[in-house]
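Visitor:
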Amino acid sequence: MSGLVECPSCGRLVSREASACPSCGQPIRRSGCRILDEALGAFLGCAGTLFSLLVIAFVIAFLFGGC
Ligand SMILES: [Zn+2]
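This is the structure:
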């Protein structure tokens, strides 16, 4: 698979299979559920950035749309 994640420390693109960033050694964080993570990765593909934006939009809507 071609899943890449962005290193939270240096921003370098790192393989999802890697346990740590080869550039700075930052451990690569995955979502809590491995099956969900793989399903999302397969489904989203290059739309990962869009998904992140949707999550941010959801959080903003939740913060400002609550009763
Ligand atoms: Zn890094």
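Those letters in the sequence shown? Residues 63 to 129, per our numbering, in order. In this text, a Cβ means the ideal position worked out from N, Cα and C, and glycines have one as well.
Roughly how many angstroms separate the alpha carbons of Ser-114 and Val-121, rounded to a whole number?
Guide: 11 Å
Visitor: So who's on the other strand from Leu-66, going by DSSP bridges?
Guide: Ser-77
Visitor: According to the neighbour-count rule (16 or more other Cβ atoms, all chains shown, within 10 Å of its Cβ), is Cys-72 buried or exposed?
Guide: exposed
Visitor: Which word fits Val-117, buried or exposed, when buried means at least 16 other C-beta atoms lie within 10 angstroms of its C-beta?
Guide: exposed
Visitor: For ligand 1, which residues count as neighbours when the test is a C-beta closer than 6 Å to any heavy atom?
Guide: Cys-69, Ser-71, Cys-72, Arg-74, Cys-83, Ser-85, Cys-86, Gln-88
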